[in-house]
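Asks:
Number of protein chains: 2
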Amino acid sequence: MEREPTLRLRVFDLNCWAIRYLSKRRQERIRLIGDTLRRESFDLALLQEVWSEQDYSDLRVKLASCYPFSHYFRSGVIGSGLCVFSRFPILDTLLYQYSLNGYPYMLQHGDWFCGKSVGLVIVKISGIIFNVYVTHLHAEYCREKDAYLPHRLVQAWELAQFIRHTSKAADVVLLGGDLNMHPEDVGIRLLRGWTGLRDAFAEATHFEGCKNGCTLVPDNCFTDSSELLPFPLGIRIDYILYKATSSFTVKCEELKTTTGPAPGVDIPFSDHEAVMATLHIQRQGQAEGATLGTADAALADVVTEARTEVTVGLRAAQRQRYSSGRMAVLALLLLLLQAVAALGTLAGLGAEQPFPKLSFCLLAFLALGILVLSTGFHLFHTMEVKMLHGTEDQMWMALQALQKHP
Amino acid sequence: MEREPTLRLRVFDLNCWAIRYLSKRRQERIRLIGDTLRRESFDLALLQEVWSEQDYSDLRVKLASCYPFSHYFRSGVIGSGLCVFSRFPILDTLLYQYSLNGYPYMLQHGDWFCGKSVGLVIVKISGIIFNVYVTHLHAEYCREKDAYLPHRLVQAWELAQFIRHTSKAADVVLLGGDLNMHPEDVGIRLLRGWTGLRDAFAEATHFEGCKNGCTLVPDNCFTDSSELLPFPLGIRIDYILYKATSSFTVKCEELKTTTGPAPGVDIPFSDHEAVMATLHIQRQGQAEGATLGTADAALADVVTEARTEVTVGLRAAQRQRYSSGRMAVLALLLLLLQAVAALGTLAGLGAEQPFPKLSFCLLAFLALGILVLSTGFHLFHTMEVKMLHGTEDQMWMALQALQKHP
Chain A
1 MEREPTLRLR VFDLNCWAIR YLSKRRQERI RLIGDTLRRE SFDLALLQEV
51 WSEQDYSDLR VKLASCYPFS HYFRSGVIGS GLCVFSRFPI LDTLLYQYSL
101 NGYPYMLQHG DWFCGKSVGL VIVKISGIIF NVYVTHLHAE YCREKDAYLP
151 HRLVQAWELA QFIRHTSKAA DVVLLGGDLN MHPEDVGIRL LRGWTGLRDA
201 FAEATHFEGC KNGCTLVPDN CFTDSSELLP FPLGIRIDYI LYKATSSFTV
251 KCEELKTTTG PAPGVDIPFS DHEAVMATLH IQRQGQAEGA TLGTADAALA
301 DVVTEARTEV TVGLRAAQRQ RYSSGRMAVL ALLLLLLQAV AALGTLAGLG
351 AEQPFPKLSF CLLAFLALGI LVLSTGFHLF HTMEVKMLHG TEDQMWMALQ
401 ALQKHP
Chain B
1 MEREPTLRLR VFDLNCWAIR YLSKRRQERI RLIGDTLRRE SFDLALLQEV
51 WSEQDYSDLR VKLASCYPFS HYFRSGVIGS GLCVFSRFPI LDTLLYQYSL
101 NGYPYMLQHG DWFCGKSVGL VIVKISGIIF NVYVTHLHAE YCREKDAYLP
151 HRLVQAWELA QFIRHTSKAA DVVLLGGDLN MHPEDVGIRL LRGWTGLRDA
201 FAEATHFEGC KNGCTLVPDN CFTDSSELLP FPLGIRIDYI LYKATSSFTV
251 KCEELKTTTG PAPGVDIPFS DHEAVMATLH IQRQGQAEGA TLGTADAALA
301 DVVTEARTEV TVGLRAAQRQ RYSSGRMAVL ALLLLLLQAV AALGTLAGLG
351 AEQPFPKLSF CLLAFLALGI LVLSTGFHLF HTMEVKMLHG TEDQMWMALQ
401 ALQKHP
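Those sequence lines, one after another, are chains A and B.
Residue 1 is where the first sequence starts when you use full-length UniProt numbering, and the numbers rise one by one after that.
Residue 1 is where the second sequence starts when you use full-length UniProt numbering, and the numbers rise one by one after that.
Here it is as structure tokens:
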């Protein structure tokens, strides 16, 4: 097997939208996904938003014969939602939790509670070492005023850095996941430029599926089509990216997306379309990574653009840290003032007037509540500042390195 | 330079105990550390507990001529406290924040607020790629009843996994830091066994310093000697570990520790002693990592022992998650009961008795406070359970892999 000339690898990637109690027809869809994976026998299936461990276990039982190896990545309060099913033995795994992932107090968005991460599984197929990464980045709730852009950029940067540092012994690198970024967004350009990963959709010899490879389309019955009004064809935010790092070449022979309802039923697998790639891996030619150096100038521009957005986020986080800190100090002062008033009353001052116990108590609890909350906010935004600052520094280092190259 | 036969590398490692407002004579000691680093010109200085960015900046200015390259790792609320000074260019850096690191509500310990991490810097010296790791693990506050043991073991495991996955292209791996573990502790055995790292103290041809290489000694004027009563000679918790991963050999020619007061003054650098190693790196021989496989059986025992401790931690975390959840439910029930009582009063029921507004309000705020706090605890312990469970899984995978070997 070691000397096999060409390896054909079929990869399945899907954001499963399997949120307990919230996602519509969840169990039915998980069954459908399992049936399809079993029938189609891909080599690797990279799934996101499998939030319930029970769903994962059900899938594992169902897929035990055709995908005997699997891994579920645990993190955060709810879980990372990431899992991998593989026809080939998983040699090792590693989880990297992104340092920034939204705000715990944005309950309506809830990304913070998922502990968004990138999971790595290492598999060896026909003597070739594959580093397979699966991830899900912070959602974009409002494209016009995207408050989470700096966090998503920090995630894209950390993802790129994690891949670069952990893939040095890999022959082939694969990344699948819901990146929540359009193909031309700065985060995708940063990720691709800094890692040398190539986009299976752009490279595919043959493509079949939704127009422009879109994976969030208005036709999907689970999609809120009003959100997609500015994009009548839909958007492409789910990707399969790849590169070969030693003397291998990878070619994407075929890329497919699902297009609405799954075969034989009236519902699709998820609110996202699945991405399916057929890759050809050959042991020959020069390392593809070597082409990275030629685009240094363009890459420096992308890093600069990303760094500017991170700096904007840093300023906003500093302002929030300051205002929450100020609020905490004001609440503390109010509490101290009340303590003085209470002591004064106990000492007999102002005894001619009745002491307003109830409003006094209400005010004290209000001040205490504000103190606790704003201290919490202050600590959180201090961490945010630290991480944004750290990323800004790292990007600066990267720019220095890029500019030193000829 | 590429073909130089032997490289001599001098490494300095110190937990600087530089906590703003809390550490005694901090600025004086930071100046002392800077003076010594400048005078002695080591090749690499790995520092921990440099919590203040100002202290780092002061050191950087002072050391600019002899250590022109440096990096400060930012994380958590206070910061990771980790930094590296290098005579040679730093090519790249990466930070990995441990997924578990004590409890935010253990304010008197405060480890949670530091965002304990491992920092990686990559340097190339005479054509040899060095992956240099610096870290600081969770402190041990009570050895007899160490509540943080499972967290420290998760950290030791994540540290080992991070080193294994990121060092595959390195010629030499160096790790320096305060591991807060005695040499025979399960965490150290796990880290050394799973990475193949060797202990500079145990391997040194020549040793000079505190007896048994101790780095926390009762003679140090900043140490609380009552805490070291069971260990009259002190304890060794600061380490320099190393290995060569390709066809290089590393030998520790000399290991030194400081012994109390710094030269010419009456105070030591810190409450820890510094560790200084002189390493010889030679481009010859077989990869040292190859010896790892021979000790698989012993390593499996260590992983099993560590996994047992993690399981104990998991059970405790599950109990805490359950009791905090139950407390939240009780508080919620109390609030609902109060709401019913208030509505009843508004509807004119029990109008013959005066409504106890003050105690009613106090009780409501108490219930609300308990609800908020116990929900917070519940979320935190849910995350803890997830991470302990994930580590247990990973260790199980490692055991399977070890047992498959002959």
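Just so you know, even glycine gets a beta-carbon here, dropped at the ideal spot from N, CA and C.
Here the structure is a predicted model, which means the values were calculated and not measured.
What does Cys361/A touch in chain B if you count any residue whose Cβ is under 8 Å from its own?
Replies: The answer, in chain order, is Leu358, Cys361, Leu362, Phe365.
Asks: Leaving aside the five residues before and after Glu305/B along the sequence, list all residues of the same chain whose C-beta is less than 6 Å from its C-beta, in chain order.
Replies: The residues are Val186.
Asks: Anything in chain B within Cβ reach of Gly79/A, meaning under 7 Å, just list it in chain order.
Replies: Within 7 Å Cβ-Cβ: Lys386.
Asks: Buried or exposed: Leu40/A, going by 16 or more other Cβ atoms within 10 Å of its Cβ?
Replies: The sequence as given places Glu at residue 40/A; Leu does not occur at that position. Flag for Glu40/A reads exposed.
Asks: List the endpoints of the continuous alpha helix (DSSP H) containing Lys357/B.
Replies: Looking at the DSSP string, the run of the alpha helix (DSSP H) that includes Lys357/B is 357–404.
Asks: Determine the chain B residues that contact Gly390/A at a beta-carbon separation under 8 Å, and present them in chain order.
Replies: Neighbours of Gly390/A on chain B, chain order: Phe73, Arg74, Ser75, Leu95.
Asks: The beta strand (DSSP E) with Ser70/B in it runs from where to where?
Replies: Where Ser70/B is concerned, the enclosing beta strand (DSSP E) stretches over 69–72.
Asks: State the Cα-Cα distance for the pair Cys83/A and His182/B, rounded to the nearest angstrom.
Replies: Rounded to the nearest angstrom, the two C-alpha atoms are 37 Å apart.
Asks: Counting pairs of beta carbons, one from the segment 80–98 of chain A and one from the segment 366–381 of chain B, are three or more of them closer than 8 Å?
Replies: Touching, no.
Asks: Please work out which residues of its chain come closer than 6 Å, Cβ to Cβ, to Arg10/A, disregarding the five sequence neighbours upstream and downstream, and give them in chain order.
Replies: Here the set comprises Phe42, Asp43, Thr278.
Asks: Classify Pro150/A as helix, strand or coil using the three-state DSSP reduction.
Replies: Three-state result, Pro150/A: helix.
Asks: Any idea which residues DSSP pairs Arg192/B with across the strands?
Replies: None; Arg192/B has no bridge partner.
Asks: Between the Cα of Pro263/B and the Cα atoms of Asp13/B, Leu37/B, Val50/B, which residue gives the shortest distance?
Replies: With distances taken between Cα atoms, Pro263/B lies closest to Leu37/B.
Asks: Under 9 Å, CB to CB, which of the residues in the segment 159–175 of chain B have a partner in chain A?
Replies: Cβ contacts with chain A: Gln161, Phe162, Arg164, His165, Thr166, Ser167, Lys168, Ala169, Ala170.
Asks: For the alpha helix (DSSP H) containing Ala328/B, name the first residue and the last one.
Replies: Unbroken alpha helix (DSSP H) run through Ala328/B: 296–346.
Asks: Return no unless some Cβ of chain B is closer than 8 Å to the Cβ of Thr223/A.
Replies: No, its Cβ sits nowhere closer than 8 Å to a Cβ of chain B.
Asks: Pick out whichever of Ala64/A, Gln161/A, Val132/A, Cys214/A has its Cα sitting closest to the Cα of Tyr98/A.
Replies: Looking at the Cα atoms, Gln161/A is the closest of the given residues.
Asks: Along the chain, which unbroken stretches of the alpha helix (DSSP H) at least 4 residues long are found entirely within the segment 173–235 of chain A?
Replies: Counting only runs of 4 or more, we get 186–195, 200–203.
Asks: So what does DSSP say about Ala117/A, is it helix, strand or coil?
Replies: One detail in the question is off: residue 117/A reads as Ser in this sequence, not Ala. Correct three-state label for Ser117/A: strand.
Asks: With distances taken Cα to Cα, identify the nearest neighbour of Pro89/A among Leu107/A, Arg74/A, Pro104/A, Ser70/A.
Replies: The shortest C-alpha separation from Pro89/A is found at Ser70/A.
Asks: Helix, strand or coil, according to DSSP, for Ser57/A in the structure here?
Replies: Three-state DSSP puts Ser57/A in a helix.
Asks: What is the C-beta distance between Thr223/B and Leu216/B, in whole angstroms, given that I count them as a contact (C-beta under 8 Å)?
Replies: Between Leu216/B and Thr223/B the Cβ distance is about 6 Å, and since that is below 8 Å, they are a contact.
Asks: Select from Leu233/A, Cys210/A, Gly177/A the residue whose C-alpha is nearest the C-alpha of Pro261/A.
Replies: Looking at the Cα atoms, Cys210/A is the closest of the given residues.
Asks: Between Ser225/B and the rest of its own chain, which residues show a CB-CB distance below 6 Å, the 5 nearest in sequence each way excluded?
Replies: Closer than 6 Å at the Cβ level, and outside the excluded window around Ser225/B, lie Pro218.
Asks: Looking at the strands, I want to know which residues DSSP matches up with Lys243/A.
Replies: According to DSSP, Lys243/A bridges with Val173/A.
Asks: Beta-carbon within less than 8 Å of Leu341/A's beta-carbon, same chain only, minus the 5 sequence neighbours each way: which residues are those?
Replies: Correcting the residue type first, residue 341/A is Ala in the shown sequence and not Leu. Closer than 8 Å at the Cβ level, and outside the excluded window around Ala341/A, lie Phe360.
Asks: For Arg26/B, is the classification buried or exposed, using 16 other Cβ atoms within 10 angstroms of its Cβ as the cut-off for buried?
Replies: Arg26/B should be labelled buried.
Asks: Alpha carbons only, please: which of Arg152/A, Leu368/A, Leu175/A, Ser324/A is nearest the one belonging to Asn101/A?
Replies: Here the closest residue by C-alpha is Arg152/A.
Asks: Is Glu49/A closer than 8 Å to Ala18/A when the C-beta atoms are compared?
Replies: Yes, the pair counts as a contact, with Cβ atoms nearer than the cut-off.
Asks: With 16 as the cutoff for other CB atoms within 10 Å, does Arg307/B come out buried or exposed?
Replies: With 16 or more Cβ atoms within 10 Å of its Cβ, Arg307/B is classed as buried.
Asks: From Leu59/B to Gln284/A, what does the alpha carbon distance come to, in whole angstroms?
Replies: Distance between the alpha carbons of Leu59/B and Gln284/A is about 50 Å.
Asks: On the three-pair Cβ rule with 8 Å, is the segment 388–401 of chain B touching the segment 309–326 of chain B?
Replies: Yes: at least three Cβ pairs fall under 8 Å.
Asks: With a threshold of 6 Å on Cβ separation, who are the neighbours of Leu137/A within its own chain once the five nearest residues in sequence on each side are excluded?
Replies: Result list for Leu137/A: Arg152, Gln155, Leu179, Asn180, in chain order.
Asks: In terms of residue numbering, what span does the beta strand (DSSP E) encompassing Gln282/B cover?
Replies: 275–282 is the span of the beta strand (DSSP E), which, as asked, contains Gln282/B.
Asks: Would you call the segment 352–371 of chain A and the segment 318–336 of chain A in contact, with 3 or more CB pairs under 8 Å?
Replies: Yes, the segment 352–371 of chain A touches the segment 318–336 of chain A.
Asks: Measuring straight from C-alpha to C-alpha, what distance separates Glu2/B and His280/B?
Replies: Per-residue confidence for Glu2/B stands at a pLDDT of 45, beneath the threshold of 50, marking its modelled position as unreliable; the derived number appears in the next sentence. Each residue's alpha carbon lies about 16 Å from the other.
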